[in-house]
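The sequence shown begins at 7 in the working numbering and counts up one residue at a time. Glycine is no exception: its CB is placed at the ideal position from the N, C-alpha and C atoms. These numbers come from a predicted model, not from an experiment. Comments concern the structure below.
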Amino acid sequence: MNLLITGGAGFIGANLVLHWLRNHPDDVVINFDAMTYAGNLENLQEVKTHQNYRFVLGDLRKPLEIEKAFTEHNVEAVIHLAAESHVDRSIHGPAEFIETNITGTFNLLETARKFWGAEMSAHRFLHVSTDEVYGSLGSEGKFSESTAYAPNSPYSASKAASDHLVRAWHHTYKMNVVTTNCSNNYGPFQFPEKLLPLLINNCLQNLPIPVYGDGKNIRDWLFVEDHCEALDRVFHQGVSGEVYNIGGANEWSNIDIVRFVCKELDRELGRSGDDSCEKLINFVTDRPGHDRRYAIDAEKIETALKWTPRYSFEQGLSKTIRWYLDHQDWVKNVTSGTYQDYYERQYG
Ligand code: NAD
Ligand code: DAU
Numbered sequence: 007m008n009l010l011i012t013g014g015a016g017f018i019g020a021n022l023v024l025h026w027l028r029n030h031p032d033d034v035v036i037n038f039d040a041m042t043y044a045g046n047l048e049n050l051q052e053v054k055t056h057q058n059y060r061f062v063l064g065d066l067r068k069p070l071e072i073e074k075a076f077t078e079h080n081v082e083a084v085i086h087l088a089a090e091s092h093v094d095r096s097i098h099g100p101a102e103f104i105e106t107n108i109t110g111t112f113n114l115l116e117t118a119r120k121f122w123g124a125e126m127s128a129h130r131f132l133h134v135s136t137d138e139v140y141g142s143l144g145s146e147g148k149f150s151e152s153t154a155y156a157p158n159s160p161y162s163a164s165k166a167a168s169d170h171l172v173r174a175w176h177h178t179y180k181m182n183v184v185t186t187n188c189s190n191n192y193g194p195f196q197f198p199e200k201l202l203p204l205l206i207n208n209c210l211q212n213l214p215i216p217v218y219g220d221g222k223n224i225r226d227w228l229f230v231e232d233h234c235e236a237l238d239r240v241f242h243q244g245v246s247g248e249v250y251n252i253g254g255a256n257e258w259s260n261i262d263i264v265r266f267v268c269k270e271l272d273r274e275l276g277r278s279g280d281d282s283c284e285k286l287i288n289f290v291t292d293r294p295g296h297d298r299r300y301a302i303d304a305e306k307i308e309t310a311l312k313w314t315p316r317y318s319f320e321q322g323l324s325k326t327i328r329w330y331l332d333h334q335d336w337v338k339n340v341t342s343g344t345y346q347d348y349y350e351r352q353y354g
């Protein structure tokens, strides 16, 4: 199978490309990525020379670039991850989120429809989305697949719109689609603008750890490899037209997770007293429209597809902390200069 993975140079995408070629080495994986600040080919060193790995520098905002990839690689299936993914960036500059997440998804659906034509049902399109489309929970309850959409940020609104497009292409054109809505991921290759890698990096650099508002917002954390395993399951066994929520039943308030990671880092780095990481915690002005609580009800995927997370939070976190400690150069590279500078330094 020739499988196009969009956003394969990003955090979840890179983990998925590696997962795919380890588990399905006979599939040809075509990584279609525009290499924004969030994309990094260094994440894919392990498969760079794999005979079934291809890289296409392409932008979802440019339909001709998608068509070229479909033609040259005879694309038979798609897993769509490419997106602008950071909520804070969407608040400061929403335009790119509309262009990539909504128009980009539309361009991809239309190209797939054109290429797959009458054989649409033989070609799977997996759309990777987020629990943020469901909005914010109070202290009780969880998001299920039938929870009404209520996105609150430009990012989540753009992802909600893309989910609706995918749904419509199934109902109208009989496209063979499955959509997943996952909770917060953590793990290797996550850009250090997101809470966990930012926190680890700031501790290592002795920089303040910004905690938004009262720190009591709750997120439901899942190790990225468990997410990849779930995507594999949904891609192969999910029912066309269905939606699957993915989550690890692992709710933490931000301040609790920050304190927990600080303690783990103190232990790793032999820090204590005035030198302890907790001393870096700094409560700052809240994120506008900050959703209070997310929690996923993952019963459907657990029952129908027999997926459950393999990693406990302690295992996933310790693997993540170790990865960032061992990859300080990676952090330095992705945070210094523009990505273009870095790309040229690495690949000429
Ligand atoms: P990321 O920001 O780390 O990576 C996004 C990738 O998409 C990058 O490689 C980037 O270069 C590429 N990209 C951006 N714009 C593009 C364009 N116009 N054309 C082609 N490529 C483009 O994102 P991530 O955290 O890995 O998230 C991947 C997907 O999973 C997103 O769709 C996101 O909404 C979804 N998701 C993320 C999480 C999470 O916790 N990170 C949770 C649930 C769902
Ligand atoms: O729920 C899934 C979503 O999780 C994905 O769809 C998004 O792509 C991904 O970015 C993530 O969104 P969040 O906004 O939940 O993640 P972020 O890491 O930005 O923030 C996690 C929580 O921590 C949130 O409540 C805001 C808070 N926070 C974040 C940062 C970056 C802070 O308190 N301080 C910070 O510096």
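The nearest non-hydrogen atom of the ligand NAD is less than 6 Å from the C-beta of residue 39.
In this structure, the CA atom of residue 309 is about 34 Å from the CA atom of residue 52. For residue 91, the shortest C-beta to heavy atom distance toward the ligand NAD is below 6 Å. Pairing residue 68 with residue 40, the inter-Cα distance amounts to about 10 Å.
Nearest neighbour of residue 75 by Cα position, chosen from 190, 109, 35, turns out to be 35. Its chain contains 129 as the residues whose beta carbon lies nearer than 7 Å to that of residue 122, once the 5 sequence neighbours on both sides are disregarded; these appear in chain order.
Taking each of 108, 127, 161, 117 in turn and checking the Cα distance to residue 95, the smallest one comes out for 161.
Ranked by how close their Cα comes to the Cα of residue 286, the residues 294, 261, 296, 307 have 261 in first place. Proximity of the segment 195–208 to the segment 323–336 meets the contact definition, three or more beta-carbon pairs being nearer than 8 Å. It is roughly 36 Å from the alpha-carbon of residue 98 to the alpha-carbon of residue 306. Contact between residue 58 and residue 31 holds, with the beta-carbon distance rounding to 7 Å and staying under 8 Å. Collapsing the DSSP output to three states places residue 195 in coil. Between the ligand DAU and the CB of residue 317, the shortest heavy atom gap is not smaller than 6 Å.
The C-alpha of residue 231 lies about 12 Å from the C-alpha of residue 196.
In the three-state scheme derived from DSSP, where H, G and I count as helix and E and B as strand, residue 242 is classed as helix. In terms of side-chain proximity, the C-beta atom of residue 50 is found no nearer than 6 Å to any non-hydrogen atom of the ligand DAU. Not one heavy atom of the ligand NAD sits closer than 6 Å to the Cβ of residue 234. Bridge pairing for residue 39: 63 [DSSP]. Residue 37 is positioned such that its CB atom lies closer than 7 Å to that of residue 23.
Non-local C-beta neighbours of residue 172 in its own chain, meaning closer than 6 Å and more than five positions away in sequence, comprise 133, 183, 185, ordered along the chain. The beta carbon of residue 341 sits closer than 7 Å to those of 198, all from its chain and outside the five residues before and after it, given in chain order.
With a beta-carbon spacing of about 32 Å, residue 61 and residue 302 fall beyond the 8 Å limit used to define contacts. Our two residues, residue 270 and residue 276, have alpha carbons roughly 10 Å apart in a direct line. In the structure shown, residue 203 falls within a helical segment according to DSSP collapsed to helix, strand and coil. The Cβ-Cβ distance between residue 191 and residue 135 does not fall below 7 Å. At the C-beta level, residue 18 and residue 87 come within 7 Å of one another. In the three-state scheme derived from DSSP, where H, G and I count as helix and E and B as strand, residue 29 is classed as helix. Taken atom to atom, the span from the alpha-carbon of residue 319 to that of residue 241 is near 25 Å. CA-to-CA, the gap between residue 284 and residue 265 works out to about 6 Å. In this structure residue 177 is exposed. Its beta-carbon is surrounded by fewer than 16 other beta-carbon atoms within 10 angstroms.
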